[in-house]
Amino acid sequence: MSSPPQRPAVAIIGGGIAGLAAAFALRDRGLAVTVLEGSPRLGGKITVSGVAGVPVDEGAEALLARRPEGTELIGAVGLADELVSPGTTAAAIWTRGRLRPLPKRQFMGVPADLDELQRSGIVSDAGLARARDDLRLPPTPRDADVPVASYVGARFGSEVVDRLVDPLLGGVYAGRSSELSFEATLGGLAQAARQHRSLAEAAGSLLPQPGAPPAGPVFTTLAGGLGTLPAAVAARSGATVRTGAMVRELARTAGADGLGGWRLTVGATRAPEYLDADAVILAVPATPASRLLAGLPGAAPAATALGEIEYASMAVVTLAYPAGAFPGRLDGSGYLVPAVDQQAVKAVTFSTVKWPHLRAGDPGLEIVRCSVGRIGEEALLQRDDAGLAAAAAADLAAATGVRGAPAAVRVSRWGGALPQYTVGHAGRVARVRAAVAAQPGLAVCGAAYDGLGIPACIASARKAVDQVLAHLGRQAPLAAGGRMSA
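Read left to right, the sequence shown gives residues 6 to 491 (my numbering).
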């Protein structure tokens with residue numbers, strides 16, 4: 006009597022949303038899937054905890070509703086009924102001494118309507134006059150990737166970059182437009198700019214036409230917080246999921262067909278475990294991925310390219326105030342702060358205004374999230390929690406007039422959290438993927454490649470899964486069901 010064939014084994018290194026999405030995409034495929042997360046919990050930058058008894062996300066708090074990957078996954082794991090829409094998407098910029106409305110007709114800060122920009126008061130009269138040059142200037146040549154500030158500044162001048170574009174990119178990447186890649190961070194606009202002489206016209210071509218019916222909310226979240234998503238994905242994936250399981254080494258094993266499989270070394274040096282697998286998905290940030298690839302023959306180009314990706318650190322300071330502490334009604338979803346205005350806080354979300362469902366926890370509270378830290382601001386982030394909270398509260402008071410101390414404070418630190426898509430990023434990613442493709446049964450995914458948002462991470466996970474499944478379809482299983490050994 007013959008024994009049943011062993012199931013091919015897939016090991017996923019990293020239990021953030023990309024790794025978990027990969028595990029979910031591999032369900033019902035007849036595979037033995039193991040997720041190995043080095044930290045004590047799943048989810049990466051997606052986690053939720055209570056502030057004054059109200060569940061508030063500590064990291065990512067929303068996802069793009071108009072990109073389907075995120076909402077599809079939420080529906081597939083049974084959380085569709087938990088989706089909620091923002092109460093408002095109107096936002097502001099704190100600059101030149103007061104809050105000013107963020108223009109509606111702009112693409113990541115690049116203005117499409119210069120009359121609206123004038124009404125906002127975000128830039129000075131001189132800055133506006135310079136911005137209008139965009140409508141008259143000849144096309145700006147661009148034969149290679151350039152910094153966002155270089156290209157946008159050539160069209161509109163430095164004031165639009167400093168007071169409008171830089172704060173929006175800083176809110177997403179915690180980076181600076183003088184270093185971020187135009188092609189990688191504003192890809193749609195970079196493409197449209199090749200079809201239009203004016204960059205304002207190119208930005209307008211990417212926006213709904215004035216008077217068009219609303220296309221639905223741009224963002225969505227879960228009523229219990231996005232931090233509830235990782236556990237749901239893990240549970241529905243059917244994978245074996247381990248936390249506190251740091252993968253220290255990745256190596257090839259010999260195979261009769263010449264391709265071989267993989268052996269992962271897991272855990273402490275003094276008591277290592279080994280996991281054999283037919284395929285591996287690396288769903289970790291660039292730096293640990295580089296370390297794991299560095300020892301593989303032929304993977305040096307990928308390791309080198311990944312090692313070139315810098316990461317920015319930041320913190321989220323969440324403050325809960327009695328509603329009466331604010332002199333008036335909080336208006337809009339929050340505001341951004343340009344680096345040139347020299348505040349500790351770079352972005353503020355009026356959480357209980359943006360997400361009205363949070364008021365159900367305590368209608369007498371206003372909850373505010375303050376993002377602190379851009380790349381290069383390590384000294385600011387070295388302050389202790391009390392110092393960061395005090396700086397955030399002081400900046401908030403300057404913008405809103407809030408009085409008194411907050412009733413509750415939470416400081417969430419995200420060290421090395423946000424990959425920087427600097428000039429040449431697309432080329433680096435191409436080198437990584439080319440070198441990884443030459444390693445049969447290996448794939449990569451996560452925020453370091455094609456986008457920082459949750460839908461982009463899920464899309465990269467699906468791409469990695471397709472690569473692994475194509476490989477497994479070409480060879481017989483090599484590993485004994487992902488068996489661990491000491």
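Where is the CB? At the ideal position from N, CA and C, for every residue including glycine.
Keep in mind the model is a prediction, meaning the values are calculated, not measured.
Margin query: Are the CB atoms of L119 and R137 within a distance shorter than 8 angstroms?
Written below: Contact flag set, yes.
Item checked: Exposure of P143, with buried meaning 16 or more beta-carbon neighbours within 10 Å -> exposed
Check: Looking at the unbroken beta strand (DSSP E) that takes in S376, where does it start and where does it end?
Finding: It spans 370-377 - the beta strand (DSSP E) in which S376 sits, taken as one unbroken run.
Note to self: Quick check on G478: does DSSP put it in helix, strand or coil?
What the structure shows: coil
Note to self: Is the separation between the beta-carbon of R379 and that of R168 shorter than 8 angstroms?
What the structure shows: no
Checklist line | Reduced DSSP category for K50 - H, G, I as helix; E, B as strand; rest coil | finding: coil
Check: Would you report the Cα separation of D139 and A402, rounded to the nearest angstrom?
Finding: 37 angstroms
Checklist line | Sequence-distant residues of its chain with Cβ nearer than 7 angstroms to V153 (five each side left out) | finding: The answer, listed in chain order, is V170, L174, S182, L185, F187, T190, L191.
Notebook entry, point to check: Does the distance from the CB of R71 to the CB of V223 come in under 8 angstroms?
Noted result: yes
Next item on the list: Please classify L160: is it buried, with 16 or more other beta-carbons within 10 angstroms of its beta-carbon, or exposed?
Entry: Before going on, a small fix: residue 160 reads as Arg here, not Leu. Burial call: buried.
Next item on the list: Give me the Cα-Cα distance between V15 and A198, rounded to the nearest whole angstrom.
Entry: 42 angstroms
Check: Sorted by chain position, which residues of the same chain lie with C-beta nearer than 7 angstroms to Q117's C-beta, five sequence neighbours on each side aside?
Finding: Looking at the sequence shown, residue 117 is not Gln but Ala. Only R110, Q111, A205, A208, G209, L212 meet the Cβ criterion.
Next item on the list: Quick one: residues in its chain with C-beta nearer than 6 angstroms to the C-beta of G21, no 5 flanking neighbours on either side, listed in chain order?
Entry: G49
Next item on the list: Compare the Cα-Cα distances from L280 to each of V350, L311, A475, L255 and report the closest residue.
Entry: Comparing Cα positions, the closest option is L255.
Note to self: Could you check whether the region 294-312 touches the region 60-75, counting it as contact only if at least three pairs of C-beta atoms, one from each stretch, sit closer than 8 angstroms?
What the structure shows: no
Notebook entry, point to check: So, T93 versus V289, is the Cβ gap smaller than 8 angstroms?
Noted result: No, they are not a contact pair.
Notebook entry, point to check: Does DSSP put G158 in a helix, in a strand, or in coil?
Noted result: helix
Note to self: Taking the straight line between their C-alpha atoms, what separation do you get for R147 and H201?
What the structure shows: Between R147 and H201, the C-alpha separation is close to 13 angstroms.
Next item on the list: Look at A240 and Y340 and say whether their C-beta atoms are less than 8 angstroms apart.
Entry: In this structure, Y340 does not lie closer than 8 angstroms to A240 by Cβ.
Next item on the list: Check whether the region 349-357 touches the region 425-432, counting contact only when three or more Cβ pairs, one atom from each stretch, lie closer than 8 angstroms.
Entry: Touching, no, given that fewer than three Cβ pairs across the two stretches are closer than 8 angstroms.
Notebook entry, point to check: DSSP three-state call for K109: helix, strand or coil?
Noted result: Three-state DSSP puts K109 in coil, outside helix and strand.
Check: For G83, is the beta carbon positioned less than 7 angstroms from some heavy atom of the ligand ATP?
Finding: With respect to small molecules bound, the structure shown includes none, and the ligand ATP cannot be examined in it.
Next item on the list: Tell me whether the beta-carbon of G126 lies closer than 8 angstroms to the beta-carbon of R105.
Entry: yes
Next item on the list: Put V416 into one of helix, strand or coil per three-state DSSP.
Entry: strand
Note to self: For L25 and S242, which I take to be in contact (beta-carbon distance under 8 angstroms), what is that distance rounded to the nearest angstrom?
What the structure shows: 7 angstroms
Checklist line | Selected residue, minimal CA-CA separation from V441, among A67, A284, P460 | finding: A284
Checklist line | Where the beta strand (DSSP E) through E254 begins and ends | finding: In the DSSP assignment, E254 falls within the beta strand (DSSP E) that extends over 252-257.
Checklist line | Close-in-space but distant-in-sequence residues of the same chain around W419 (CB under 8 angstroms, 5 per side omitted) | finding: K50, G64, S318, M319, A320, V321
Next item on the list: Let me know if G458 comes out buried or exposed under the rule of 16 or more other beta-carbons within 10 Å of its beta-carbon.
Entry: By the 10 Å Cβ count, G458 comes out buried.
Note to self: I'd like the ranges of any beta strand (DSSP E) spanning at least 3 consecutive residues and lying wholly in the region 391-456.
What the structure shows: 413-424, 447-449
Notebook entry, point to check: Where G19 and L335 are concerned, what is the direct C-alpha to C-alpha distance, given to the nearest angstrom?
Noted result: 39 angstroms
Item checked: R388 (DSSP reduced to helix, strand or coil) -> coil
Check: Would you call the CB atoms of G232 and T52 closer than 8 angstroms?
Finding: yes
Checklist line | Candidates D86, A134, S295, of which the one nearest G230 by Cα | finding: D86
Margin query: I need the straight-line Cα distance from A399 to A179, nearest angstrom please.
Written below: 21 angstroms
Note to self: According to DSSP, simplified to helix, strand and coil, what is G132?
What the structure shows: Looking at G132 - three-state DSSP - the assignment turns out to be helix.
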